Amino acid sequence: MDSKNVNIIIDGQSISTRSGMRLLDAAREHGIDIPSLCYKKHMLPLDSCRMCVVRVKGLAGLKSSCSLVVEEGMDICSMDDEIEAVRRTTLELILADHDYDCSICHQAGECTLQDLAYRYQIDAQGCRDFRAVEDRPVVEPDVTSPVLEFDPGKCIRCGICIQACSELQGKHVLDFMDRGMQVFPSPEYWTWKESSCDGCGECVQNCPTAALTEKPVNGRFRISDIDKRVRTSCGYCGVGCQMDLWVRNNQVVKVRGAGADVLPNRGRLCVKGRFGYQFLGSRERLRVPLIRKKGTFCEVSWEEALDYTAQKLAEIRDESGPDSLAGLASARCTNEENYIFQKFFRAAVGTNSVDHCARLCHAPTVAGLVRAFGSGAMTNPIEDLAGADCILVTGANVSETHPVTATYIRNARDRGAQIIVIDPRKIDLIQGSTLWLRPKSGTDVAWINGLIHIILEEGLADREFIRTRTDNFVALEEAVKPFTPRVVEDISGISEKQLRQAARLYGAASKSSIVFAMGITQHITGTDNVLSLANLAMVCGQVGRASTGVNPLRGQNNVQGACDMGGLPNVFPGYQHVSDPEIRLKFETAWGRAPLAAKTGLTVMEMMNSASEGRVRGMMIMGENPMLSDPNLNHVEASLKALDFLVVQDIFMTETSALADVILPAAAFAEKEGSFTNTGRRVLRVRKAVEPPGESRADWQILTEISTRMGYPMAYKNSSQIMKEIASLTPIYGGISYERLEDENLQWPCPSQEHPGTPFLHKEQFSRGKGLFHPVDYIPPAERPDKEYPFVLSTGRLLYHYHTATMTRRSEALNDFAPSAYGEINGEDLDRLGAGEGDLLKVTSRRGEIVVPARKSDRVAPGVLFIPFHFHESPVNRLTNDALDPASKIPELKVSACRVELV
Ligand SMILES: Nc1nc2c(c(=O)[nH]1)N[C@H]1C(S)=C(S)[C@@H](COP(=O)(O)OP(=O)(O)OC[C@H]3O[C@@H](n4cnc5c(=O)[nH]c(N)nc54)[C@H](O)[C@@H]3O)O[C@H]1N2
Ligand SMILES: Nc1nc2c(c(=O)[nH]1)N[C@H]1C(S)=C(S)[C@@H](COP(=O)(O)OP(=O)(O)OC[C@H]3O[C@@H](n4cnc5c(=O)[nH]c(N)nc54)[C@H](O)[C@@H]3O)O[C@H]1N2
Ligand SMILES: [Mo]
Numbered sequence: 002m003d004s005k006n007v008n009i010i011i012d013g014q015s016i017s018t019r020s021g022m023r024l025l026d027a028a029r030e031h032g033i034d035i036p037s038l039c040y041k042k043h044m045l046p047l048d049s050c051r052m053c054v055v056r057v058k059g060l061a062g063l064k065s066s067c068s069l070v071v072e073e074g075m076d077i078c079s080m081d082d083e084i085e086a087v088r089r090t091t092l093e094l095i096l097a098d099h100d101y102d103c104s105i106c107h108q109a110g111e112c113t114l115q116d117l118a119y120r121y122q123i124d125a126q127g128c129r130d131f132r133a134v135e136d137r138p139v140v141e142p143d144v145t146s147p148v149l150e151f152d153p154g155k156c157i158r159c160g161i162c163i164q165a166c167s168e169l170q171g172k173h174v175l176d177f178m179d180r181g182m183q184v185f186p187s188p189e190y191w192t193w194k195e196s197s198c199d200g201c202g203e204c205v206q207n208c209p210t211a212a213l214t215e216k217p218v219n220g221r222f223r224i225s226d227i228d229k230r231v232r233t234s235c236g237y238c239g240v241g242c243q244m245d246l247w248v249r250n251n252q253v254v255k256v257r258g259a260g261a262d263v264l265p266n267r268g269r270l271c272v273k274g275r276f277g278y279q280f281l282g283s284r285e286r287l288r289v290p291l292i293r294k295k296g297t298f299c300e301v302s303w304e305e306a307l308d309y310t311a312q313k314l315a316e317i318r319d320e321s322g323p324d325s326l327a328g329l330a331s332a333r334c335t336n337e338e339n340y341i342f343q344k345f346f347r348a349a350v351g352t353n354s355v356d357h358c359a360r361l362c363h364a365p366t367v368a369g370l371v372r373a374f375g376s377g378a379m380t381n382p383i384e385d386l387a388g389a390d391c392i393l394v395t396g397a398n399v400s401e402t403h404p405v406t407a408t409y410i411r412n413a414r415d416r417g418a419q420i421i422v423i424d425p426r427k428i429d430l431i432q433g434s435t436l437w438l439r440p441k442s443g444t445d446v447a448w449i450n451g452l453i454h455i456i457l458e459e460g461l462a463d464r465e466f467i468r469t470r471t472d473n474f475v476a477l478e479e480a481v482k483p484f485t486p487r488v489v490e491d492i493s494g495i496s497e498k499q500l501r502q503a504a505r506l507y508g509a510a511s512k513s514s515i516v517f518a519m520g521i522t523q524h525i526t527g528t529d530n531v532l533s534l535a536n537l538a539m540v541c542g543q544v545g546r547a548s549t550g551v552n553p554l555r556g557q558n559n560v561q562g563a564c565d566m567g568g569l570p571n572v573f574p575g576y577q578h579v580s581d582p583e584i585r586l587k588f589e590t591a592w593g594r595a596p597l598a599a600k601t602g603l604t605v606m607e608m609m610n611s612a613s614e615g616r617v618r619g620m621m622i623m624g625e626n627p628m629l630s631d632p633n634l635n636h637v638e639a640s641l642k643a644l645d646f647l648v649v650q651d652i653f654m655t656e657t658s659a660l661a662d663v664i665l666p667a668a669a670f671a672e673k674e675g676s677f678t679n680t681g682r683r684v685l686r687v688r689k690a691v692e693p694p695g696e697s698r699a700d701w702q703i704l705t706e707i708s709t710r711m712g713y714p715m716a717y718k719n720s721s722q723i724m725k726e727i728a729s730l731t732p733i734y735g736g737i738s739y740e741r742l743e744d745e746n747l748q749w750p751c752p753s754q755e756h757p758g759t760p761f762l763h764k765e766q767f768s769r770g771k772g773l774f775h776p777v778d779y780i781p782p783a784e785r786p787d788k789e790y791p792f793v794l795s796t797g798r799l800l801y802h803y804h805t806a807t808m809t810r811r812s813e814a815l816n817d818f819a820p821s822a823y824g825e826i827n828g829e830d831l832d833r834l835g836a837g838e839g840d841l842l843k844v845t846s847r848r849g850e851i852v853v854p855a856r857k858s859d860r861v862a863p864g865v866l867f868i869p870f871h872f873h874e875s876p877v878n879r880l881t882n883d884a885l886d887p888a889s890k891i892p893e894l895k896v897s898a899c900r901v902e903l904v
């Protein structure tokens with residue numbers, strides 16, 4: 002939209018506004034309160050309620066101001082007796098068809114309809130006069146959805162729910178449907194439960210009445226009971242949705258997406274963000290420190306727990322050296338907490354053996370993109386996807402794992418963008434996409450090289466970009482030569498026709514964006530896969546502009562931040578290498594500890610191996626649950642059991658803490674101050690809404706206490722002070738402060754107070770100067786199906802659960818959607834096994850066996866089994882392969898070989 006000034010007159014007042022503005026917005030911006038029920042600034046006008054009518058000089062009749070765009074010289078009357086009378090009648094008509102018994106409506110006080118009825122002083126008789134029939138038929142509310150209730154008696158048929166579902170979330174689940182004498186918005190198959198509604202609640206958030214309401218999570222409340230609303234960042238995935246927590250009596254009772262203009266989510270949320278907060282108040286939260294005494298956990302005071310922990314850690318350090326201790330930082334915790342964690346290990350303990358779940362996640366992304374571009378982060382902001390002409394999504398089940406990011410992809414699709422999905426599994430995003438290619442698992446380098454081969458052959462490459470912005474093209478050209486469509490088909494199973502189609506769509510679009518996640522990284526060739534995607538983007542000149550780029554969707558709420566803060570064995574905060582003497586000197590001076598270790602520390606899997614060999618004797622695990630999330634659990638279990646001392650900080654008892662010597666109760670995201678950095682490098686505030694349960698404390702507070710007791714005093718008044726220290730030592734965060742974060746939405750690099758932050762990377766030049774092509778060859782997965790283990794086992798996630806499910810399985814609504822473990826298996830295979838839906842399958846790999854109920858599904862190809870890793874009763878990581886990618890040390894969680902038998 003251009004922003005030329007437009008002058009209009011409203012009620013005799015001259016107003017300067019911008020071209021393209023809708024009249025209703027222009028009026029409201031100037032404090033002129035035109036009423037409306039169905040209009041939301043962030044959606045197209047519906048023009049259905051007719052409350053916002055105005056008179057425009059020179060136009061006959063009354064016009065809806067929501068759908069009128071301002072024009073120079075427009076002269077408007079927003080309010081006179083006639084207009085108000087029309088509005089009153091309109092309102093009476095609406096109310097005539099509405100249950101206006103507000104005294105028993107729990108939406109009372111938060112209802113636009115109620116507000117307007119009061120404003121226009123409507124009385125009941127006036128409405129009854131308009132009733133078509135004396136006794137309105139009672140239409141039963143639909144309460145079948147786990148998260149919301151739909152009461153047709155309160156629906157005013159404005160259609161805003163339908164619009165929120167379609168235009169914002171891109172789901173198109175709701176539509177008007179004829180139900181005898183009335184038409185109500187309804188899910189496509191009448192009951193909510195049977196519909197494809199996934200429970201995001203966007204409709205509820207936008208409903209102007211009580212027709213659509215949240216099912217109460219922590220009891221019913223009235224708006225006047227709300228003590229405060231606290232703006233914070235979601236604690237689940239890496240999108241970093243901004244939301245408001247509504248608090249009553251120290252309990253979160255409702256969650257709303259922050260304003261429609263607040264990035265990255267523009268008010269949108271998903272089912273976990275909006276409804277998955279019940280765990281906060283769970284009775285099972287850890288409340289007091291626990292020490293294992295003679296085999297059983299005993300409640301102890303903080304003094305005792307901290308003294309004991311510090312003493313044990315110091316003892317091991319002094320006996321066996323600093324490298325006999327290792328720590329797992331946490332992508333669930335704040336930046337400030339991760340900063341303190343690595344500072345504790347580097348300065349107080351003296352080792353670089355700090356790592357975290359990023360190793361099992363996007364380690365190849367960092368390794369690959371740093372080499373190719375100079376930075377491992379997402380090149381473009383999430384919301385940029387809505388503007389792309391072509392989006393290639395591969396190895397990312399976006400609608401389940403980054404649901405709000407998926408809304409932007411669907412927005413692009415609904416605008417006419419080409420969506421190409423390349424995924425072995427028939428994921429939801431395939432609906433409405435232009436093309437779905439189904440490669441065999443672990444064949445990515447082959448098809449990506451194949452795409453480049455065709456792009457070069459068909460003249461779709463951006464030669465100018467290659468010449469001016471990249472190096473080493475000739476080597477790439479050589480490397481992709483052998484990857485003819487036939488060779489690619491042999492390896493990956495993708496046909497030449499489809500491969501060509503994909504190459505043409507991606508290569509010809511003016512703004513093409515690549516989106517990827519674990520399907521690309523969790524392989525022994527993870528780094529190669531990422532390098533290949535970088536090659537593809539550079540060949541087509543699709544980097545450094547809006548709505549293009551190579552975009553790894555980073556998974557955890559703060560995995561970007563945990564990496565930025567140096568929760569990694571080779572770098573201080575801001576990716577400053579521990580091996581660089583000048584950098585070390587900087588930290589030695591600032592931290593008052595010298596010498597700091599120069600040697601790279603151990604990665605997650607190396608820690609486990611060293612523990613089983615006795616070289617690592619003590620571990621501290623903050624906010625991770627490797628006893629369910631690491632590959633080859635039998636090995637992890639043996640390793641953790643071999644430790645002399647294990648301390649775990651968590652919010653719940655977990656499979657991992659069950660093996661600990663000390664368990665320290667931590668505060669969860671809604672109970673502390675801090676910041677997260679989302680997948681788009683956006684630094685976002687985390688704010689305290691409720692008190693932590695029992696004696697639990699923020700992770701950083703626990704860590705400073707232990708550090709002080711180990712002879713390295715740390716004293717911070719608050720998390721803001723920690724952020725000051727981070728900014729002073731971390732150039733990419735140099736300009737970040739809580740003061741600025743109050744009203745600025747900053748993306749790093751943000752080197753100084755004056756710097757506005759960086760929305761997209763590699764604009765004029767790559768972070769490393771020129772982009773570097775890497776010739777990569779195809780290497781098959783470490784384990785392939787054979788006679789003994791004929792199935793390919795793939796693992797991953799479901800929308801409703803989050804990793805080891807400590808939080809999501811303590812939320813009733815989410816459990817209603819996905820109550821228990823299952824394994825997806827193709828009908829052909831199920832028939833061959835003589836098994837049916839729900840039958841128990843015994844699944845065996847070279848490393849272990851589990852039992853899991855079968856779910857018949859064409860989402861997986863024949864010969865493939867998919868098992869989510871959320872469920873402790875079927876812990877799929879007993880089976881997974883811990884073979885590593887040599888460059889990044891990520892295990893091959895996406896492919897292993899297994900055998901399936903009917904129990
Ligand atoms: N609901 C929910 N959301 C989450 C999480 C969660 O636990 N639950 N976790 C968060 C975290 S930490 C992360 S890292 C992200 C992960 O987000 P995703 O990577 O989207 O999650 P996965 O379920 O692992 O899905 C991987 C996708 O890769 C595909 N795939 C499997 N093998 C291959 C292959 O060989 N090649 C290709 N090209 N594709 C393949 C799978 O079919 C699947 O679609 O999700 C984040 N969001
Ligand atoms: N088979 C298979 N395995 C996988 C994957 C896969 O695709 N397949 N994906 C891998 C990936 S990408 C990832 S990221 C990992 C995730 O693996 P993990 O990080 O181990 O999984 P989470 O369940 O997120 O564990 C986080 C722990 O932190 C706790 N917690 C939450 N908030 C806080 C807090 O504020 N403070 C503290 N102290 N604790 C808190 C939770 O209760 C939970 O126990 O799993 C990996 N494992
Ligand atoms: Mo992850």
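Per the numbering used here: the sequence shown = residues 2 to 904.
Just so you know, even glycine gets a beta-carbon here, dropped at the ideal spot from N, CA and C.
Here the structure is a predicted model, which is why all the values come from computation and not from measurement.
Residue i, buried or exposed, once every other Cβ within 10 Å from all chains shown has been counted against 16
i      : result
Met2   : Low confidence applies to Met2: its pLDDT is 45, below 50, so where it sits in the model is not reliable, and the reading given next is rough at best. Met2 is exposed by the Cβ-count criterion.
Thr406 : buried
Val579 : buried
Asp662 : buried
Lys172 : buried
Glu111 : buried
Pro46  : buried
Cys299 : exposed
Asn251 : exposed
Glu459 : exposed
Met182 : Since pLDDT at Met182 reaches only 48, below the 50 mark, its modelled position is unreliable, and the value read off the structure follows with that caveat. That one is exposed.
Glu285 : exposed
Glu789 : exposed
Lys512 : buried
Asp445 : buried
heavy atom of ligand 3 below 7 Å from residue i C-beta
i      : result
Val560 : yes
Gln115 : no
Gly556 : yes
Cys358 : yes
Contact test: residue i Cβ vs ligand 1 heavy atom, cutoff 7 Å
i      : result
Glu893 : no
Val399 : yes
Gly695 : no
Coarse secondary structure for residue i, derived from DSSP in three states
i      : result
Val55  : strand
Lys587 : helix
Any non-hydrogen atom of ligand 2 within 7 Å of residue i CB
i      : result
Pro627 : yes
Expected contact under 8 Å - CB spacing of residue i and residue j to nearest Å
i      : j      : result
Arg232 : Arg555 : Their Cβ separation, rounded to whole angstroms, is 22 Å, which puts Arg232 and Arg555 out of contact at 8 Å.
The stretch 845-853 in contact with the stretch 762-779 per 3-pair CB rule at 8 Å:
no
contact_flag[the stretch 301-308, the stretch 203-220] where n(CB pairs < 8 Å) is 3 or more
no
So, do the stretch 277-294 and the stretch 667-679 have three or more beta carbon pairs nearer to each other than 8 Å?
yes
Hey, is the stretch 153-168 in contact with the stretch 25-39, meaning 3+ C-beta pairs nearer than 8 Å?
yes
Are the stretch 268-276 and the stretch 693-707 in contact at 8 Å, needing three or more beta carbon pairs?
no
Evaluate the contact criterion for the stretch 878-888 versus the stretch 632-646: three or more CB pairs, one atom per stretch, below 8 Å.
yes
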